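Read through the structure below, which is laid out as structure tokens, and then see the notes.
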Amino acid sequence: MSELQGRIEGRLSERLYGQPIINNVARGLYVECMVELALQERDPAWRLTDAWGGWDLEHCETLARLEVKQSAALQIWKETVKRSPTFGIPPRKWWWDNASSVSVETRPQRLADVYVFAWHPESGRSRADHREPDQWEFYVVAERDLSQQPLTASISLGPLRRLAPPCGYNELACKVTDTVSGLPSLKAQTSSEED
């Protein structure tokens, strides 16, 4: 890496993540990395997928797919506090396969086996820090437990809390492992059987 490249990357990191309240676009990437690190502490086979993939993380051995959704009470651009977030969970008709550089068409479905919904509830501007893992609540839900008939495009915090209790960062990997192991089959197995 050249010195200039290092300075650019440092400046970009400072601009995107140097403040306690992170903008929506950069916060999504931050939370995905946070979840990946939590999972890798328990099982190093978890990895982030490439940009534009159909899901955010994948287990390299089992091929379990995980999607991360996040929201926060405080936004960088807004003075009001969000009390009840809505997380997008729409069905997809295609996904990008980076390995073969092609768009893969599929019947309308959610592509992940498990969803991790991350909610940052802290509303005090002097206390809130999106970068702090211990300030987040995580809800781990198997895709099959989300509304199926019809496939809903979103879920809010109330229904989410009825599906799963919140857990902290230190419990996240265990919750994901338990949820994945409780599935009768994985989407990767089902799609290969349909081929």
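Under the numbering used here, think of the first position of the sequence shown as 1072, with each following residue one higher.
Just so it is clear, CB atoms sit at the ideal spot from N, CA and C, and this is done for glycine as well.
On a predicted model such as this, the values are computed, not experimentally measured, just so you know.
Q | Environment of Val1096 [buried if 16+ CB atoms lie within 10 Å] | A | Residue mapping note: residue 1096 aligns to position 25 of the sequence shown, counting from 1. Exposed: under 16 other Cβ atoms inside 10 Å.
Q. Candidates Lys1140, Val1212, Trp1190, Arg1082: which alpha carbon is nearest Asp1205's?
A. Here residue 1205 refers to the residue found at position 134 when the sequence shown is read from its first residue. Among Lys1140, Val1212, Trp1190, Arg1082, the Cα nearest to that of Asp1205 belongs to Trp1190.
Q) Measuring CA to CA, which of Leu1222, Asn1241, Asp1216 is closest to Leu1254? A) Here residue 1254 is taken as the residue at index 183 of the sequence shown, counted from 1. Here the closest residue by C-alpha is Asp1216.
**Q.** Cβ shell of Glu1242 (< 7 Å), same chain only, five flanking positions each side left out
**A.** On the sequence shown, residue 1242 is found 171 positions in, with the first residue counted as 1. There are no such residues.
Q) Which first and last residues belong to the alpha helix (DSSP H) in which Lys1246 is found? A) Within the sequence shown, residue 1246 is the residue found at index 175, counting from 1. From DSSP, the alpha helix (DSSP H) with Lys1246 extends over 1240–1252.
Q) Ordered along the chain, which non-local residues of its own chain (more than five positions away) have a Cβ less than 6 Å from that of Pro1161? A) Locating residue 1161 in the sequence shown gives position 90, where the first residue counts as 1. Here the set comprises Ala1224.
(Q) Given this structure, state the Cα-to-Cα distance separating Gly1267 from Thr1261, to the nearest angstrom. (A) With the chain running from 1072 to 1266 in the structure shown, residue 1267 is simply not present.
Q: In the DSSP assignment, find the alpha helix (DSSP H) that holds Ser1084 and state where it starts and stops.
A: In the sequence shown, residue 1084 corresponds to position 13, counting from 1. The continuous alpha helix (DSSP H) containing Ser1084 extends over residues 1074–1088.
Q) What is the DSSP secondary structure of Gln1111, reduced to helix, strand or coil? A) Here residue 1111 corresponds to residue number 40 of the sequence shown, with the count starting at 1. Residue state, collapsed to three classes: helix.
Q) If we cut at 8 Å on Cβ distances, does Ser1084 have a partner in chain C? A) In summary, chain C is missing from the structure at hand, where a single protein chain is found.
Q.
Measuring straight from C-alpha to C-alpha, what distance separates Thr1133 and Ala1213?
A. For the purposes of this step, residue 1133 is identified with residue 62 of the sequence shown, where counting begins at 1. For the purposes of this step, residue 1213 is identified with residue 142 of the sequence shown, where counting begins at 1. The alpha-carbon atoms of Thr1133 and Ala1213 are separated by roughly 16 Å.
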